[in-house]
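In our numbering, the protein residues as written are 342 to 557. From the three backbone atoms N, C-alpha and C, an ideal C-beta is built for every residue, glycine too. Scroll down for the structure; my scribbles are underneath it.
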Ligand code: AP5
Ligand code: ZN
């Protein structure tokens with residue numbers, strides 16, 4: 342499958358993507374994870390990106406489009422399809438993605454919006470724990486790891502993201518409503534949009550996603 346997951350910070354994009362990967366044998370392309378990996382490697386791009394991410398802003402369209410282009414062309418795992426998580430995040434990104442995929446003869450099939458009201462997101466974001474190497478996310482209350490502060494699969498330590506605080510979240514939500522939400526209309530126009538109630542528990546959200554992917 343070739344699809345996009347759209348939703349505000351904490352909507353569950355990173356939680357649901359692994360389900361899709363497993364089910365469809367597709368690649369998970371998460372631009373936030375890619376940027377965080379640059380940050381931990383200490384690259385020039387990572388250093389620049391970290392400043393922006395910690396303030397809840399958006400990294401430039403050019404950088405992000407090139408990052409995704411590189412993945413789509415060079416990551417062999419994308420041959421069976423891909424789940425885009427965190428990209429596109431602006432109208433120019435969405436337009437460039439469409440053009441790129443049209444040239445490659447493999448257009449998007451679905452754009453699934455995970456819909457949650459802002460007031461539910463504070464608790465999700467402030468309680469989140471992640472496994473940096475894989476991007477797997479947990480929640481202190483809603484989805485705790487089997488062992489305290491440790492990744493279920495690798496046994497490695499879990500950490501809190503540096504942008505997971507109330508201040509940065511406010512700015513990330515603003516950026517979402519102002520710059521990302523317009524892509525919902527963009528995909529409604531191209532006819533591939535589906536909306537899912539993402540305020541439900543993770544297993545229910547997963548059922549809803551499967552249901553709307555089945556539609557043509
Ligand atoms: P990114 O990493 O994409 O962050 P985000 O969009 O803010 O989204 P999150 O990762 O916070 O939310 P999620 O939907 O994945 O939630 P999760 O499933 O983990 O981007 C980070 C930054 O990078 C951006 O701010 C920007 O600066 C930059 N960036 C990235 N891409 C860019 C681009 N294309 N252009 C420009 N800049 C870009 O769930 C959250 C928590 O809730 C977890 O603890 C989870 O366990 C829990 N949870 C999940 N689902 C449920 C549920 N149904 N019920 C209860 N709890 C749940
Ligand atoms: Zn995420």
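A distance criterion of 7 Å places the beta-carbon of residue 505 beyond contact range of the ligand ZN, judged by its closest non-hydrogen atom. In this structure, residue 376 and residue 367 do not form a Cβ contact; the two beta carbons are roughly 21 Å apart against a cut-off of 8 Å. Here residue 423 carries a strand assignment [DSSP, helix/strand/coil]. Taking 7 Å as the cut-off, the C-beta of residue 546 counts as close to a heavy atom of the ligand AP5. Counting only runs of at least 4 residues, the stretch 356-427 fully encloses the following alpha helix (DSSP H) elements, listed from N- to C-terminal order: 372-382, 385-395, 402-415. Residue 471 carries a strand assignment under DSSP once its states are collapsed to helix, strand and coil. Within 7 Å of the C-beta of residue 354 there is at least one heavy atom belonging to the ligand ZN.
Secondary-structure assignment with DSSP links residue 518 through no beta bridge to anything. Per DSSP, the unbroken beta strand (DSSP E) holding residue 538 starts and ends at 534-538. Sequence-distant partners of residue 408 (beyond 5 residues in either direction) whose C-beta falls short of 7 Å from its own C-beta, in its chain, are 372, 375.
When 423, 412, 529, 431 are compared, the shortest CA-CA separation from residue 401 is found for 431. The C-beta of residue 357 has 16 or more other C-beta atoms within 10 Å across all chains shown, which makes the residue buried.
With fewer than 16 other Cβ atoms inside 10 Å of its own Cβ, residue 500 counts as exposed.
In the three-state scheme derived from DSSP, where H, G and I count as helix and E and B as strand, residue 477 is classed as coil. Here residue 461 is not near residue 544, since their CB atoms are 8 Å or more apart.
With contacts defined as CB atoms closer than 8 Å, residue 405 and residue 434 qualify as a contacting pair.
If you look at residue 461, you'll find it isn't in any beta strand (DSSP E); DSSP assigns it neither H nor E.
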